[in-house]
Structures are given as C-alpha cells and as structure tokens.
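Scroll down for the structure; my scribbles are underneath it.
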Amino acid sequence: MAISVNTNVTSMKAQGNLNKAQSNTATSMERLASGLRINSAKDDAAGLQISNRMTSQINGIGVAIRNANDGISIAQTAEGAMGESTNILQRMRDLSLQSANGSNSSADRAAMQKEVSSLQDELTRIAETTSFGGQKLLDGSYGTQKFQVGSEANETISLSLSDVSADKLGSHSQTLAGATAGLGQATLAGATVAASGVTASTLKVNGTVSKDITVTIGDSAKTIAASINAESDATGVEASATTSLKIDTLGDPGDISFTLNGQSVAATISDKTDLSSLAANINDLTSDTGVTASIDDAGALILVDDTGADMTILDFANSGTAKTVSVTAVGADGAENGSEVVLTAGAATNDSIRVAGEVKLDSLQSFSTQAGDVTTGATLNITGSALSDIDAVDIGTSKGAQDAITTIDAAIAQIDS
Numbered sequence: 085m086a087i088s089v090n091t092n093v094t095s096m097k098a099q100g101n102l103n104k105a106q107s108n109t110a111t112s113m114e115r116l117a118s119g120l121r122i123n124s125a126k127d128d129a130a131g132l133q134i135s136n137r138m139t140s141q142i143n144g145i146g147v148a149i150r151n152a153n154d155g156i157s158i159a160q161t162a163e164g165a166m167g168e169s170t171n172i173l174q175r176m177r178d179l180s181l182q183s184a185n186g187s188n189s190s191a192d193r194a195a196m197q198k199e200v201s202s203l204q205d206e207l208t209r210i211a212e213t214t215s216f217g218g219q220k221l222l223d224g225s226y227g228t229q230k231f232q233v234g235s236e237a238n239e240t241i242s243l244s245l246s247d248v249s250a251d252k253l254g255s256h257s258q259t260l261a262g263a264t265a266g267l268g269q270a271t272l273a274g275a276t277v278a279a280s281g282v283t284a285s286t287l288k289v290n291g292t293v294s295k296d297i298t299v300t301i302g303d304s305a306k307t308i309a310a311s312i313n314a315e316s317d318a319t320g321v322e323a324s325a326t327t328s329l330k331i332d333t334l335g336d337p338g339d340i341s342f343t344l345n346g347q348s349v350a351a352t353i354s355d356k357t358d359l360s361s362l363a364a365n366i367n368d369l370t371s372d373t374g375v376t377a378s379i380d381d382a383g384a385l386i387l388v389d390d391t392g393a394d395m396t397i398l399d400f401a402n403s404g405t406a407k408t409v410s411v412t413a414v415g416a417d418g419a420e421n422g423s424e425v426v427l428t429a430g431a432a433t434n435d436s437i438r439v440a441g442e443v444k445l446d447s448l449q450s451f452s453t454q455a456g457d458v459t460t461g462a463t464l465n466i467t468g469s470a471l472s473d474i475d476a477v478d479i480g481t482s483k484g485a486q487d488a489i490t491t492i493d494a495a496i497a498q499i500d501s
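Residue numbers 85 to 501, in this note's numbering, belong to the letters of the sequence shown in order.
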C-alpha cells in the first residue's frame with residue numbers, strides 16, 4: 085500500500101511566518117505611504133476614534149479661519165465705505181455751521197445748499213453700490229448675518245449692517261407740547277405767579293427699554309426733561325427743553341413795565357410796532373432771568389429760555405390809553421402753541437401770565453411715548469417719533485442750518501454705532 089504525506093508542519097510554519105511577514109510589510113508600507121500610524125480600526129480602534137475627532141476639529145478650524153477672513157473682508161469693505169460716508173457728513177456739518185452764520189446772504193446759503201444736495205446724493209450712491217460677493221452691504225438688505233468662526237456647531241459671531249442712505253440717517257425726535265397737559269401753553273392769572281397747567285401723569289418712554297417717568301402737577305419742561313434724561317442710559321432717549329413766547333399787538337405806545345422771572349423790566353415805547361428798546365432791556369437782565377430777547381421779521385418780541393424753565397410775566401403796566409398786549413406761547417420751531425392771551429394793565433385777573441416750555445426728545449433709534457393719568461392709569465397721546473433725515477437737510481436758511489447740525493451729529497453717531 086502507497087504511503088502519502090498529508091501535512092508538513094515545518095512547511096506550514098514557514099508559510100504562516102511568511103504571511104505574517106507580508107502582512108507586517110504591507111502595514112509598514114501603508115504607514116509609510118500615508119504617514120499615519122493608524123490607518124484602520126485594526127491598527128488601534130480607540131486611537132482611530134480619537135484621530136477622527138481631532139481630524140474633524142483640525143479641518144473645521146481651517147474652514148473657520150477662511151470664514152473669519154471672509155467676515156473680516158466684509159467688515160473692512162463696509163468700514164471703508166462708511167468712512168467715506170462719515171467724511172461726507174463732516175463736510176455737510178461744516179457747510180451747516182458756515183450757513184448758520186449771520187454774515188451769509190440768501191444767495192450764499194443757496195450755493196452751500198447746492199453742494200449739500202450733491203453730498204446727499206453721494207451718500208445714497210455709496211449705500212446702494214457697496215457690495216461684497218454680490219451682496220449689498222449698506223442698503224439695508226444685509227441685516228444681521230452670522231459667521232461660523234469655530235470648528236463646532238453654533239460657534240458664531242454676528243455682524244449687523246444697517247441702511248446708511250441719506251433718507252435713513254438722522255435723528256428720531258418728538259416734541260411734547262400739550263401731550264402732558266399744559267406743556268408749551270400759556271396760563272393767564274392775576275397779579276400772582278400763575279400755576280403751570282401741567283397735570284400729574286406718568287409719561288412712558290418706549291425706547292431701547294420702556295421706562296415710566298413721573299410728572300408732578302406744575303412741573304416745568306426743564307424738570308420733565310431732567311427726569312427723562314435720568315433714564316436715558318436705559319431708554320436711549322434724551323430730552324431737551326425750551327420755553328419761548330411771543331409778545332406783539334401792543335395796544336398803544338407808552339411806558340411799559342412788568343416783572344419777568346422776578347426781575348423788573350421797563351421801557352418807553354414811542355412806536356407800538358417797535359419793541360426793540362424792550363428787547364434791549366430784557367437782554368441786559370439775561371444773567372438774572374435766563375431769558376434772551378429778539379425781534380422777528382414781523383416785528384414781534386420773542387423771548388426764549390433755553391433751559392425750559394417756566395417763564396412768568398407779572399403786573400403788566402402800560403401808560404398808554406389802550407393798555408393791552410398779546411402774548412402767545414411758541415415752540416422752538418417758531419410755531420404758535422395754544423391760543424393768544426391778552427394781558428390788560430391793572431386788571432385784577434389778566435395782567436400776568438406763566439408760559440410753560442416744551443420738551444423735545446431725541447434718539448438714534450425710533451421710539452414712542454405714552455402719557456397716562458396717574459389716578460386712573462388711562463393711556464393718552466400714544467405717539468411715535470419722526471425721523472429727521474439727512475435727505476431732508478436744507479441749509480438755505482439760518483434755522484435750517486441750525487437744525488441740520490443736530491441731524492448730522494445724530495447721523496454720524498449712527499454710523500459710529
């Protein structure tokens with residue numbers, strides 16, 4: 085019978101060692117080729133998991149760096165454009181200051197306004213054409229965008245860009261005259277210090293946040309403005325107060341006298357349409373009364389207290405036959421507030437008057453106010469602010485130039501913020 089050899093232990097060992105050597109060689113070649121110690125789970129399962137996590141983080145950081153660079157480029161593009169917008173606004177401010185000067189004629193101011201109009205158009209052009217990667221940046225369409233600057237989810241920073249067109253920049257404002265009863269009004273009385281017509285209420289200012297401002301009976305515009313400004317850091321709304329009145333329609337010329345804010349005023353008027361001597365006497369007392377006087381184009385005597393304190397005229401006297409004079413509260417814009425009041429010399433009930441000022445509110449953002457009754461809590465006079473925008477700036481008059489300065493300052497602050 086033939087004998088066959090079915091196994092060769094030595095050969096099998098040699099074969100196994102050869103296969104192992106080939107596998108080790110293949111692994112070494114794979115590591116040499118990839119530069120990695122771990123190329124698959126069989127090399128190191130736990131190590132592979134750690135390696136994949138770190139690889140994701142490394143790759144993510146690389147992408148985040150590119151994203152951040154894109155964000156920086158967008159910010160730099162917007163910054164450059166807004167820098168030019170600021171330069172334009174500064175030039176407009178210079179022109180406004182120049183136009184506000186009394187040395188300029190109407191023709192001079194008209195020439196300055198032509199340049200302002202060109203600058204207004206340029207502001208809007210910059211806003212409409214500034215773009216990055218096809219996205220408009222400064223026309224209001226960009227809004228708030230997030231940039232992924234980390235390797236993990238939600239590791240973002242936000243960039244907000246608003247509309248810097250000429251018709252979107254400026255100051256949001258509102259005037260409180262009559263919103264809280266008595267503001268900006270004249271109260272008639274006898275030979276006493278008449279009480280202000282301001283009633284007690286809670287004035288709610290709805291700005292960045294809402295705050296309640298307590299108004300006490302008889303508060304002056306100055307006091308109300310100070311109360312509003314005490315909360316301006318929270319609301320973003322600032323207040324200023326002005327008290328103005330107009331004296332005209334003198335019954336007859338003669339020796340005129342009265343007490344203005346506690347100081348005696350007197351002048352001899354020879355022409356009832358010329359109150360300049362009375363204005364001069366009032367201006368001599370400005371340091372004591374806080375009131376300045378001027379004559380407007382219609383010949384009326386305009387008295388102004390730019391602190392917003394109540395203004396009182398007591399014991400009006402006129403040596404002429406017709407012993408009357410008309411007094412009207414006016415706003416900072418020159419418009420009349422309330423009705424004309426006629427003072428009569430020597431009358432028991434109408435020879436004195438108190439005029440309350442008006443409060444102007446300003447903010448870089450839109451806001452609203454509500455006047456509520458302290459007792460009932462009723463809400464009255466809910467009004468929103470109006471935007472005085474750069475596009476509407478007109479320095480063709482001295483007053484327009486003065487208003488333009490305030491509007492431009494607010495626009496510059498908007499861009500800076």
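Glycine included, every Cβ here is placed at the ideal spot set by N, Cα and C.
Quantities reported herein were computed from a predicted structural model and do not represent experimental measurements.
Exercise for the section: Can you give me the start and stop residues for the alpha helix (DSSP H) that E239 sits inside? Expected result: It is not in any alpha helix (DSSP H) - E239 carries neither H nor E in the DSSP assignment.
Practice task
Measure the alpha-carbon distance for Q486 versus L362 and round it to whole angstroms.
Solution key: 26 Å
Exercise for the section: Kindly provide the ranges of any beta strand (DSSP E) runs that are 3 or more residues long and lie completely inside the region 348-432, ordered along the chain. Expected result: 376-379, 385-389, 395-402, 408-414 and 420-428
Problem - Member of S324, G392, D332 and Q232 whose CA lies at the smallest distance from the CA of G155 - result: Q232
Practice task
For the beta strand (DSSP E) containing T228, list its first residue and its last residue.
Solution key: G227 to Q232
Handout entry: Local Cβ density within 10 Å of M96, reported as buried at 16 or more and exposed below that
Key = exposed
Exercise for the section: If I'm right that S311 touches A455 with Cβ under 8 Å, what's the distance once you round it to whole angstroms? Expected result: Not really, about 13 Å apart at Cβ, beyond 8 Å.
Exercise for the section: Assign L344 to buried or exposed, taking buried as 16 or more other Cβ atoms, counted over all protein chains shown, within 10 Å of its Cβ. Expected result: buried
Problem - Beta-carbon proximity list for E114, same chain, < 6 Å, skipping 5 on both sides - result: N123
Handout entry: Residues of its chain near T405, where Cβ-Cβ distance is below 6 Å and the 5 sequence neighbours each way are ignored
Key = D336
Exercise for the section: Helix, strand or coil for D332, going by three-state DSSP, please let me know. Expected result: strand
Practice task
Compute the distance between the beta-carbons of V299 and A318, then report whether it is under 9 Å.
Solution key: no
Practice task
Look up K288 in the DSSP assignment and give the residues it is bridged to.
Solution key: D296 and Q454
Exercise for the section: Tell me T259's beta-bridge partners as DSSP assigns them. Expected result: K444
Exercise for the section: Give the DSSP-derived three-state secondary structure of G346 in the structure shown. Expected result: coil
Practice task
In angstroms with no decimal places, state the Cα-to-Cα distance between Q258 and D389.
Solution key: 19 Å
Exercise for the section: State the Cα-Cα distance for the pair L207 and S242, rounded to the nearest angstrom. Expected result: 25 Å
Exercise for the section: Hey, could you find the ends of the alpha helix (DSSP H) L253 is sitting in? Expected result: Looking at the DSSP string, L253 is not in any alpha helix (DSSP H), and its letter there is neither H nor E.
Exercise for the section: Please confirm whether L538 and A495 have their CB atoms less than 9 Å apart. Expected result: Outside the displayed span of the chain (85 to 501) sits residue 538, for which this structure offers no information.
Practice task
Have a look at N290, S215, A152 and T326 and flag the residue whose alpha-carbon is nearest the alpha-carbon of G441.
Solution key: T326
Exercise for the section: Can you have a look at S402 and say buried or exposed, based on whether 16 or more other CB atoms are within 10 angstroms of its CB? Expected result: Residue 402 is actually Asn in this sequence, not Ser. Buried, since its Cβ has 16 or more Cβ neighbours within 10 Å.
Practice task
Report all residues from its chain with a CB closer than 7 Å to the CB of Q219; omit the five preceding and five following residues, and keep chain order.
Solution key: Y226
Handout entry: Beta-carbon proximity of I331 to S447, cut-off 9 Å
Key = no
Practice task
Output the distance between the C-alpha atoms of G484 and A194, rounded to the nearest integer angstrom.
Solution key: 12 Å
Practice task
Note down the Cα distance separating D368 from G291, rounded to an integer number of angstroms.
Solution key: 41 Å
Problem - CA-to-CA distance, G346 to T370, given in whole angstroms - result: 12 Å
Practice task
Starting from T327, follow its DSSP beta bridges and name the residues at the other end.
Solution key: D389
Problem - Ordered list of alpha helix (DSSP H) runs contained in the region 300-325, each at least 4 residues - result: 305-313 and 316-319
Exercise for the section: Express the C-alpha separation of R209 and S341 in angstroms, rounding to a whole number. Expected result: 58 Å
Handout entry: Span of the alpha helix (DSSP H) around S482
Key = S482 to D500
Problem - Inter-residue spacing [alpha-carbon to alpha-carbon] between T412 and T396 - result: 12 Å
Practice task
Over the uninterrupted beta strand (DSSP E) stretch that includes L471, give me the two end residues.
Solution key: A470 to D473
Exercise for the section: Assuming K288 contacts D296 (C-beta within less than 8 Å), just tell me the rounded distance between them. Expected result: 5 Å
Problem - Beta-carbon proximity of Q204 to A250, cut-off 9 Å - result: yes
Handout entry: V439 - containing beta strand (DSSP E), residue span
Key = S436 to V439
Exercise for the section: Buried or exposed for Q197, please, with buried defined as at least 16 other CB atoms from any protein chain shown within 10 angstroms of its CB. Expected result: buried
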